[in-house]
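Visitor:
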Amino acid sequence: DSGVTQTPKHLITATGQRVTLRCSPRSGDLSVYWYQQSLDQGLQFLIQYYNGEERAKGNILERFSAQQFPDLHSELNLSSLELGDSALYFCASSVVSAGGSTEAFFGQGTRLTVV
Amino acid sequence: GDSVTQMEGPVTLSEEAFLTINCTYTATGYPSLFWYVQYPGEGLQLLLKATKADDKGSNKGFEATYRKETTSFHLEKGSVQVSDSAVYFCALSGNYGGSQGNLIFGKGTKLSVKP
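Here the protein sequences come in this chain order: A and B. Just add 8 to wherever you are in the first sequence, counting from 1, and you've got my numbering. Just add 51 to wherever you are in the second sequence, counting from 1, and you've got my numbering.
1. I need the straight-line Cα distance from residue 69 of chain B to residue 52 of chain A, nearest angstrom please.
2. Using C-beta distances below 6 Å, list every residue in its chain close to residue 59 of chain A, excluding the 5 sequence neighbours before and after it, in chain order.
3. Determine, for residue 162 of chain B, whether the minimum Cβ-Cβ distance to residues of chain A falls below 8 Å.
4. Along the chain, where does the beta strand (DSSP E) containing residue 130 of chain B start, and where does it finish?
5. Given a threshold of 16 other Cβ atoms within 10 Å of its Cβ, counted over all protein chains shown, does residue 81 of chain B qualify as buried or as exposed?
6. Do you know how far the Cα of residue 158 of chain B is from the Cα of residue 97 of chain B?
7. Excluding the five sequence neighbours on either side, which residues of its own chain have a C-beta within less than 6 Å of the C-beta of residue 29 of chain A, listed in chain order?
8. Ignore the nearest five residues each way along the sequence and tell me which others in residue 26 of chain A's own chain have a CB closer than 6 Å to its CB.
9. Can you round the beta-carbon distance between residue 91 of chain A and residue 23 of chain A to whole angstroms, since I take them to be within the 8 Å contact cut?
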């Protein structure tokens, strides 16, 4: 058990809909990352939050947004869903050391299926 | 931009065989390097890491050495077991928008070990 909790584990929804994925980081971790894992694109970094503020953006679509709340949990919002958004979405949390190395701990993921 | 290239799979080995999974990277600066493992139906788990050149990461019989001169971080294990069957991901800590810590992953190598 990594200590990172993601809910729900599975989600099936229709095209055009909006969903929210939730992540609770490990106790004490201020950084939260969202990744998308799909068969064609592999594992891609979407966005990072650090202590409530957006820190970095990767390949995140404009239809997607995220936020991190004062209790440090994070939510990833996906809207106007398309079939191609079907993927496994991972949340990870970490502490960044002074040396810059980052050991990220991953949740078990939310499998999103858009039909 | 930064990138990771790892050998294509799948790789099928007999139990007790020697394993090598090649990983090379392109990066500016001095990234940290990681190997993550994903067992079926689970999230990613950190297997080992190295934070500077010539460092050797090791865990559960797996080893990888950070080779700056060849920009490589090959994963090795002397004697694989059936329980090592999983997908292995090489990753480096990237640098999006000036923020270090986001992981850039290779496409993953699926390993199957037969008894």
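Where is the CB? At the ideal position from N, CA and C, for every residue including glycine. All of these numbers come straight from a predicted model, not from anything done at the bench.
Guide: Taking the coordinates as given:
1. Reading the second sequence from its first residue, position 18 is the one you call residue 69 of chain B. Reading the first sequence from its first residue, position 44 is the one you call residue 52 of chain A. Between residue 69 of chain B and residue 52 of chain A, the alpha-carbon positions lie close to 30 Å from each other.
2. Locating residue 59 of chain A in the first sequence gives position 51, where the first residue counts as 1. If we look at residue 59 of chain A and ignore the five residues flanking it on each side, its Cβ neighbours are 38.
3. The residue you call residue 162 of chain B lines up with position 111 of the second sequence. Residue 162 of chain B does not count as touching chain A.
4. Residue 130 of chain B sits at position 79 when you count from the first residue of the second sequence. Careful: residue 130 of chain B lies outside any beta strand (DSSP E) and carries neither H nor E.
5. For the purposes of this step, residue 81 of chain B is taken as residue 30 along the second sequence, with counting starting at 1. Residue 81 of chain B should be labelled exposed.
6. As a working note, residue 97 of chain B is residue 46 in the second sequence. As a working note, residue 158 of chain B is residue 107 in the second sequence. Their Cα atoms are separated by approximately 16 Å.
7. One-based indexing of the first sequence puts residue 29 of chain A at position 21. Closer than 6 Å at the Cβ level, and outside the excluded window around residue 29 of chain A, lie 84, 97, 118.
8. By one-based count along the first sequence, residue 26 of chain A stands at place 18. 87, listed in sequence order.
9. As a first step, residue 91 of chain A is located in the first sequence; it is residue number 83 there, counting from the start. As a first step, residue 23 of chain A is located in the first sequence; it is residue number 15 there, counting from the start. Between residue 23 of chain A and residue 91 of chain A the Cβ distance is about 6 Å, and since that is below 8 Å, they are a contact.
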